[in-house]
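J.: Quick one: structure below, then a few questions.
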Amino acid sequence: TYARYHSRALGVVVLPVGMAMLLYAASVSSDIKPLVPALQNNVLMLHITVGVMAYSCFTVAFGAGVLYLAQERLRRPSLPSLETLDEIGFSAVAFGFPFMVLLLILGAYWANAAWGRYWGWDPKETAALVTLLIYAGYLHTRALRNWRGRRGAVLLLIGFASVMLTYFGNYFLTGLHAYR
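Following the numbering used here, the numbering of the sequence shown begins with 794 at its first residue and continues without gaps.
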């Protein structure tokens with residue numbers, strides 16, 4: 794994003810999110826335990842990698858949404874223009890959306906091999922589908938209803954809240970994705 798837009802401001806929002814994720818990962822037990830056979834699968838590894846790509850793109854979109862709302866109110870010359878922030882948010886979602894679709898496809902494929910079903914309405918599966926639908930709604934309303942600016946920025950924040958629920962919800966909810 795920096796190479797295209799020459800803006801460091803996005804890092805002010807995105808970097809703390811990345812650092813929080815890193816700190817969380819560092820707090821998890823580091824005991825190495827062998828994976829159960831169902832988890833020793835290349836499709837699962839690709840599923841996880843694609844998920845990280847999708848969530849990374851949506852984190853950038855979240856940063857653009859936060860900065861858009863801040864810039865709309867503050868009008869700081871040090872921040873990118875509203876048009877630039879709107880474009881960054883859209884580009885990040887447009888790039889991340891296919892990864893999110895692939896995440897669900899690979900997850901369903903792997904679930905059928907591991908659990909004998911493609912979809913089970915597990916809380917994480919459901920949250921991932923809701924996340925996909927929110928970002929599909931964002932792309933749809935932008936293309937067909939010309940929802941740009943504030944409306945789009947708010948949808949980016951709602952989408953990221955859904956990403957966080959999808960990512961962390963398995964630690965609070967029961968289901969096949971609950972790794973406690």
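Using N, Cα and C, we set each Cβ at its ideal position, and we do this for glycine too.
In whole angstroms, give me the CA-to-CA distance for residue 803 and residue 860.
T.: Approximately 7 Å between the Cα atoms of the pair.
J.: What residue range does the alpha helix (DSSP H) around residue 917 cover?
T.: Note, residue 917: alpha helix (DSSP H), 916-937.
J.: Measure the CB-CB distance between residue 857 and residue 878 and report whether it falls below 8 Å.
T.: Yes, the pair counts as a contact, with Cβ atoms nearer than the cut-off.
J.: Round the Cβ separation of residue 928 and residue 890 to the nearest angstrom and send it over; I've been treating them as touching at under 8 Å.
T.: About 5 Å; that satisfies the 8 Å criterion.
J.: Alpha helix (DSSP H) containing residue 974: first to last residue?
T.: Because residue 974 is not part of the residues shown, which for the chain are 794 to 973, the question remains open.
J.: Measure from the C-beta of residue 840 to each C-beta in chain C and report whether the shortest distance is under 8 Å.
T.: Of the protein chains in the structure, only one exists, and it is not chain C.
J.: Take residue 966 and list the residues in its own chain whose beta-carbon comes closer than 6 Å to its own, dropping the five residues that flank it on each side.
T.: For residue 966, where only same-chain residues beyond five positions count, the Cβ hits under 6 Å are 916.
J.: Check whether the region 906-925 touches the region 953-960, taking contact to mean three or more Cβ pairs, one atom from each stretch, closer than 8 Å.
T.: With a cut-off of 8 Å, the region 953-960 and the region 906-925 count as touching, because enough Cβ pairs lie within range.
J.: On the three-state DSSP scale, how would you describe residue 790?
T.: Residue 790 is absent from the structure shown; the chain starts at 794 and stops at 973.
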